[in-house]
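The sequence shown runs 706 to 871 under this note's numbering.
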Amino acid sequence: MMKNPIIGRVWKFGDDVDTDVIIPGKYLRTKDMQVFAAHAMEGIDPEFAKKVKPGDIIVAGSNFGCGSSREQAPLALKHAGIACIVARSFARIFFRNAINVGLPLIEADIECQEGDEIKVDLLKGEVTVSGKTTYEGNKLPDFLLQILADGGLVAHRKKIQIEQRE
């Protein structure tokens with residue numbers, strides 16, 4: 706289920722992007738993923754959800770996903786079409802929530818511009834910008850890569866249960 710490498714167009718954000726701007730609290734009363742997608746990143750860019758295309762990639766600075774522990778933040782990005790997030794660092798709860806919902810991410814300090822095309826190779830832990838410069842990132846451990854490959858934690862656990870029954 707996890708595509709590798711992931712190639713997409715960059716949306717660039719800075720440091721300390723918190724979960725309140727990723728999906729504002731007023732939209733948390735629903736479980737409708739289309740509502741989350743329609744309001745993704747609204748707190749920073751009200752037009753983001755209209756402009757983002759499936760397969761796009763977010764590149765951010767440090768502490769991406771800080772703030773509350775809401776699982777809806779990575780869900781909003783995933784359902785808006787974001788294929789991967791590259792950041793210098795992630796808030797730990799956001800990092801784990803993204804893995805749990807099957808949204809690939811990698812910690813890497815890269816230089817790029819909004820609109821650039823980048824290639825994220827999760828298996829190697831590398832990010833290549835515009836086919837020219839390759840940056841070394843923090844490679845995810847194999848068990849996290851497997852969770853992502855299975856489509857998230859729930860799908861991963863179901864797969865294990867099926868395998869154990871066979």
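Even for Gly, the Cβ is constructed at its ideal location relative to N, Cα and C.
Predicted, not measured: the structure shown is a model, and the values here were computed from it.
Contacts around residue i, its chain only, beta-carbon distance under 6 Å, and the 5 residues preceding and following it disregarded
i: Lys844; result: Gly830
i: Ala813; result: Val791, Val832, Tyr840, Gly842
i: Ile712; result: Lys824
i: Leu858; result: Asn805, Ile852
As assigned by DSSP and simplified to three states, the class of residue i
i: Arg797; result: helix
i: Lys717; result: strand
i: Asp725; result: helix
i: Asn709; result: coil
i: Asn768; result: coil
i: Ala745; result: coil
i: Ile823; result: strand
i: Ile815; result: coil
i: Val757; result: coil
i: Ala788; result: coil
Straight-line gap, residue i to residue j (C-alpha atoms, nearest Å)
i: Asp761; j: Trp716; result: 7 Å
i: Gly719; j: Ile804; result: 21 Å
i: Leu733; j: Gly856; result: 23 Å
i: Ala854; j: Ala742; result: 22 Å
i: Asn802; j: Arg862; result: 15 Å
i: Leu810; j: Pro710; result: 12 Å
i: Ala754; j: Cys789; result: 15 Å
Neighbour-count burial assignment, residue i, 16 or more Cβ in a 10 Å radius
i: Leu827; result: buried
i: Lys758; result: exposed
i: Arg775; result: buried
i: Ile763; result: buried
i: Gly836; result: exposed
i: Thr724; result: buried
i: Lys783; result: buried
i: Glu747; result: buried
Supposed close pair residue i, residue j - CB separation, criterion 8 Å
i: Ala796; j: Asn768; result: 6 Å
Cβ shell of residue i (< 7 Å), same chain only, five flanking positions each side left out
i: Ile815; result: Val764, Val791, Val832, Val834, Tyr840
Residues near residue i in its chain [Cβ-Cβ closer than 8 Å; skip 5 each side]
i: Pro729; result: His744, Glu747, Gly748
i: Gly786; result: Ala742, Val757, Lys758, Pro759, Gly760, Asp761
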